[in-house]
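Report on one structure; see the data block that follows.
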Amino acid sequence: MPRRWIAALACLAALVALACDGSGEASPRPSGTPRPGEPRALVALGDSVSTGYGSCLVLVSCERNSWSTGDGLRVESLYRRLRADAPGLRAYNRAVPGARAAGLADQARSAVRDKADLVTVLIGANDACRGDVDDMTAVATFRDQVDAALAVLREGRPKARVLVVSIPDLYRLWQIGHTEPRAVRAWSRGVCPALLADATSTAPAAAARRARVQDRIEAYDGQLRAACRAYGSRCRWDGGAVHRHRFTLDQVNALDWFHPNAAGQGRLAEVAWNASGWAS
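Numbering (mature numbering (1 follows the signal peptide of the UniProt record, and there is no 0)), first residue to last: -19 to -1, 1 to 261.
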């Protein structure tokens, strides 16, 4: 390929990344003046799902499509729903692509600096999506790391309301996608290897490996539920609603066949909103 074509493509990718909020900067969305008593700041913590990764034209974060803090027109995010009654609300996206529970406390410290009144937490997929099942984060370690992050929030923003969201059912992704050749090709490039490697294999060892990942995600969800309960009345667990959501392949982007596209982000927002109790 001629160098000028390569340069042009690189430039186009950079422009698309900027258009999709792919710079990674977590800046507050434009807002009016907060009214007395209304929440002033919504902060998203978690991984690439909360940054809207892959929901634009390239595999970069696209915060405008985030189910939590997005301000774009394609996703009726929690932020957009909340602004109907809180027009002065600002949104900060502190989620980090690839983040595991080990990084959640640092994100929580950012939320404290942002003076968060509302916080969403979606974490755990990357703790399971390791190179091998033996590399998955231990359940007890996962719980300790989640507890540490919630403790930061409880100490720094004791009046903030926290929504902890269950991990999407990644095993379902394998179920509905392993017969789709395009998905299998994308997964073979290293997408969640512990679960999606050798996606078409019916060997007992492959089935057992997938079952271990499924079991670990369910165990993480159990710990997220327990951690939220231990936090107290200011924390709300989604009741497993996101994990139970029966998403379809048309809600997954056609680049890595893993992250939600804009439609998937919108459905995630709807499920989380209905479970949040924030409408009132």
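Built from N, CA and C at the ideal position, the CB exists for glycine as well.
Legend entry - Length of the line joining the Cα atoms of Arg111 and Gly69: 40 Å
Legend entry - Any 3 or more C-beta pairs closer than 8 Å across the stretch 86 to 96 and the stretch 150 to 161: no
Inset, instruction - Tell me whether Ser182 is buried or exposed, calling it buried when 16 or more other Cβ atoms sit within 10 Å of its Cβ. - result: exposed
Inset, instruction - Kindly indicate if chain B contains any beta-carbon less than 8 Å away from that of Ser257. - result: The structure shown contains no chain B; it holds only a single protein chain.
Inset, instruction - Taking only the alpha-carbon atoms, compute the straight-line gap between Ala211 and Tyr201 and give it to the nearest angstrom. - result: 15 Å
Inset, instruction - Ignore the nearest five residues each way along the sequence and tell me which others in Pro78's own chain have a CB closer than 7 Å to its CB. - result: Asp28, Ser29, Thr32, Tyr34 and Ser42
Inset, instruction - Determine contact between the stretch 132 to 149 and the stretch 211 to 225, defined as no fewer than three beta-carbon pairs at a distance below 8 Å. - result: yes
Legend entry - Spatial neighbours of Asp2 in its chain, beta-carbon cut-off 7 Å, leaving aside the 5 residues before and after: Caution is warranted here: a pLDDT of 43 is assigned to Asp2, below 50, making its placement in the model unreliable, and the coordinate value is therefore given only provisionally. Cβ within range, chain order: Ser42, Cys43, Glu44 and Arg45.
Inset, instruction - Return the bridge partner residues of Gly245 from the DSSP annotation. - result: Note: Gly245 sits in no beta bridge, so no partner.
Legend entry - DSSP state of Tyr212 mapped onto helix, strand, coil: helix
Inset, instruction - Report back the beta-carbon spacing between Val127 and Leu205 to the nearest angstrom; my notes put them in contact at under 8 Å. - result: 6 Å
Inset, instruction - Can you give me the Cβ contacts of Glu251 inside the same chain, cut-off strictly under 8 Å, excluding the 5 residues immediately before and after it? - result: Glu57
Legend entry - Whether Ala187 touches Asp179 by CB criterion (8 Å): yes
Inset, instruction - Grab me the residues of Arg61's own chain with a C-beta within less than 8 Å of its C-beta, minus the 5 sequence neighbours each way, in chain order. - result: Gly51 and Asp52
Legend entry - Identified DSSP bridge partners for Tyr73: Val24
Legend entry - Close-in-space but distant-in-sequence residues of the same chain around Tyr152 (CB under 6 Å, 5 per side omitted): Gln195
Legend entry - Neighbour-count burial assignment, Asn255, 16 or more Cβ in a 10 Å radius: exposed
Legend entry - Nearest neighbour of Asp115, chosen from Gly203, Arg197 and Arg248 [CA to CA]: Arg197
Legend entry - Buried or exposed (CB count within 10 angstroms, at least 16 for buried), Asp108: buried
Legend entry - Buried or exposed by the 16-neighbour rule on C-beta atoms within 10 Å, applied to Asp66: exposed
Legend entry - 8 Å Cβ cutoff met for Thr101 and Ser49: yes
Legend entry - 8 Å Cβ cutoff met for Ala76 and Ala141: no
Legend entry - C-alpha distance - Gly137 paired with Val93, whole-angstrom precision: 6 Å
Inset, instruction - Indicate the three-state DSSP secondary structure (helix, strand or coil) for Val146 in the structure shown. - result: coil
Legend entry - For Thr229, the nearest candidate out of Ser214, Leu38, Cys209 and Asn242 (CA to CA): Asn242
Inset, instruction - Grab the span of the alpha helix (DSSP H) containing Leu134 for me, first residue to last. - result: Val120 to Gly137
Legend entry - Cβ neighbour criterion (16 or more within 10 Å) applied to Ala253: buried
Legend entry - Burial state of Leu54, where buried means 16 or more other Cβ atoms lie within 10 Å: exposed
Inset, instruction - Assign Arg170 to one of two classes, buried (16 or more other C-beta atoms within 10 Å of its C-beta) or exposed (fewer than that). - result: exposed
Inset, instruction - Quick one: residues in its chain with C-beta nearer than 6 Å to the C-beta of Trp218, no 5 flanking neighbours on either side, listed in chain order? - result: Val145, Arg206 and Cys209
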